[in-house]
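Mapping to my numbering: the sequence shown position 8 is -1, numbers consecutive.
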Amino acid sequence: MSITGITVDPECIHFYNDLKLCHNHKYIVFAFNKEKTKIVVERSGDDEDMTYDEFIDSLPKNECRYAIFNFVFDHSYMGTNIIAQCERILLLLWCPSTAKIREKMLFASSKRSIKKALDGVQVEIQGTDYSEIDYDTVYEKATRNLRF
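Shown next, in the form of structure tokens:
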């Protein structure tokens, strides 16, 4: 539970485990329920053809969201011509600067709860505008400390 009393709905953990262990989802988007008492699954998708950029474009422009994305990318082995397909589970903390102040405060104070509930996240990205969560930024962070 966060300091604001907002909890993570158990369904969030169920969906996350389906993504992490069974690859049943490509992404999951979490939001506050209407009463602002818990974090719930807003939507999920299993479209393997969805690109990261398409996913980012689907996020609300003026509202905060927590999201999980199975980030799949090609990476060269230690600067050689050998290319490997890699994947990392990405936790996206999307809090646009245009969101309402109360929502941003709830989002920040509940961040610890969602991070604790989603065990096994490999890359965490925080963004207040699209340049902070673009593909190149995420790729750079996902490949940092990558070992083959």
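Here a beta-carbon is modelled for each residue, glycine too, at the ideal position from N, C-alpha and C. As the structure is a computational prediction, the values presented were derived from the model and not from experiment.
Leaving aside the five residues before and after residue i along the sequence, list all residues of the same chain whose C-beta is less than 7 Å from its C-beta, in chain order.
| i | result |
| --- | --- |
| Asn149 | In the structure displayed, the chain extends from -8 to 139; residue 149 sits before or after that span and is not available. |
| Asp120 | Pro87, Ser88 |
| Ile105 | Val(-1), Phe21, Ile30, Tyr57 |
Distance check for residue j and residue i, CA to CA, integer angstroms please.
| i | j | result |
| --- | --- | --- |
| Val31 | Ala58 | 11 Å |
| Lys17 | Ser122 | 22 Å |
| Cys55 | Arg93 | 11 Å |
| Cys77 | Asn61 | 10 Å |
| Tyr43 | Asp65 | 13 Å |
| Gln113 | Ala90 | 27 Å |
| Lys132 | Ile124 | 10 Å |
Go ahead and pull the three-state DSSP assignment for residue i.
| i | result |
| --- | --- |
| Leu84 | strand |
| Asp65 | strand |
| Thr42 | coil |
| Thr(-2) | strand |
| Lys132 | helix |
Closest to residue i by CA distance: which of the options is it?
| i | options | result |
| --- | --- | --- |
| Pro51 | Ile74, Ala22, Tyr68, Ser67 | Ala22 |
| Thr134 | Ile73, Ser67, Asn24 | Ser67 |
| Leu74 | Leu81, Val63, Leu82 | Per the sequence presented here, residue 74 reads as Ile, with Leu not at that position. Among Leu81, Val63, Leu82, the Cα nearest to that of Ile74 is on Val63. |
| Ser35 | Asp125, Arg103, Ser49, Trp85 | Ser49 |
Who are the near neighbours of residue i in its chain, counting only those whose CB is closer than 8 Å to its CB and skipping five residues on each side?
| i | result |
| --- | --- |
| Glu39 | Lys17 |
| Tyr7 | Ile19, Ile59, Ala108, Leu109 |
From the beta carbon of residue i, is the nearest beta carbon of chain C less than 9 Å away?
| i | result |
| --- | --- |
| Phe64 | No chain C appears in this structure, which consists of one protein chain only. |
Can you check the stretch 74 to 121 for any beta strand (DSSP E) of at least 3 residues that lies completely inside it and give the ranges in chain order?
74 to 85, 114 to 118
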